[in-house]
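Some notes on the structure that comes next.
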Amino acid sequence: MTPDQVGLAAGFVFTLMIFSYLLGDNFLYRLAIYVFAGLAAGYITVLTVESVILPWVRGTIGSGQFSGILIGIVPIVLGALLLTRTFRRYHKLGNLALGLIIGVGAAVGIIGAVSGTLIPVMNDTINVLRPQASGDEAGIALFNGFLVVGGVICTLVYFGHFGRRMPDGTVRRGAFGRTLGAVGQGFVVIALGALYGGAILTGLAILTERLAFIFTTIGGS
């Protein structure tokens, strides 16, 4: 058998093993899941070593320059400090590395959320009110822009960002706020429904592809 035929047969067998879950949780299904998990872990490990660790070592410690060696030693020292947390006597030494990692991670996360998500969303929301088209297309684009902005505002009202928080912790809104909140809830329901429908369609597409693969393999065409 050629390698292509072996791969085709393996894919056919594993597809049937996954579909065996329709009959209930069984050994074949678990075996297929374990094999896929092991292959994924091995692939990620090899990819990380070849694409991340080795280039980093060659560019820092293996560069022969003092600055590169220093940059390469710092993560090693921090990793060694983290390992000290496994020892009860020296576990406090790991707090330094852990605090540094948490602080840097929080800073990177905040900067990424603001510059990569919040600001682009605000810009896109503002830009939809400035259509580039003309004539009837401009009117439609402007209507869509107001619809997007209205949906954003109503959704924010629904989540209580414009309500008054009472001493007992509840958020109280007036009649106008409740109306906007109800409209925002409708936008949320539509968005979640669209996401759920997209997930269902994606699953059906994958199922159709796998069934076609099985029938093609059985038919030998």
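Residue numbers for the sequence shown follow our numbering, so the first one is 123 and each next one is one higher.
Just so you know, even glycine gets a beta-carbon here, dropped at the ideal spot from N, CA and C.
Local conformation of residue i per DSSP, three classes
{"i": "R95", "result": "Because the chain here runs from 123 to 343, residue 95 falls outside it and cannot be looked at."}
{"i": "R152", "result": "helix"}
{"i": "G146", "result": "coil"}
{"i": "Y165", "result": "helix"}
{"i": "G186", "result": "coil"}
{"i": "T277", "result": "helix"}
{"i": "T124", "result": "coil"}
{"i": "Y212", "result": "coil"}
Assigned exposure category for residue i - 16 Cβ within 10 Å defines buried
{"i": "G391", "result": "A question about residue 391 goes unanswered here, because the residues of the chain that appear run from 123 up to 343."}
{"i": "A154", "result": "buried"}
{"i": "M244", "result": "exposed"}
{"i": "C291", "result": "The sequence shown places Gly at residue 291, not Cys. It counts as exposed."}
{"i": "A316", "result": "exposed"}
{"i": "M139", "result": "buried"}
{"i": "V279", "result": "buried"}
{"i": "G160", "result": "exposed"}
{"i": "T277", "result": "buried"}
{"i": "G227", "result": "exposed"}
{"i": "G186", "result": "exposed"}
{"i": "G320", "result": "exposed"}
{"i": "G146", "result": "exposed"}
Residues of its chain near residue i, where Cβ-Cβ distance is below 7 Å and the 5 sequence neighbours each way are ignored
{"i": "I336", "result": "F134 and T137"}
{"i": "L203", "result": "L215, G216, L218 and A219"}
{"i": "S142", "result": "N148, L150 and Y151"}
{"i": "G231", "result": "none"}
Paired residues, beta bridge with residue i - DSSP
{"i": "R286", "result": "R294"}
6 Å Cβ shell around residue i - same chain, five flanking residues per side excluded
{"i": "G273", "result": "F309"}
{"i": "M288", "result": "R294"}
Identity of the residue in the options nearest residue i by Cα
{"i": "S183", "options": "T170, I198, G225 and K214", "result": "Note that residue 183 is Ile in the sequence shown, not Ser. Of T170, I198, G225 and K214, the residue nearest in Cα terms is I198."}
{"i": "G341", "options": "L130, T124 and P125", "result": "L130"}
{"i": "R207", "options": "G299, I195, G221 and I166", "result": "G221"}
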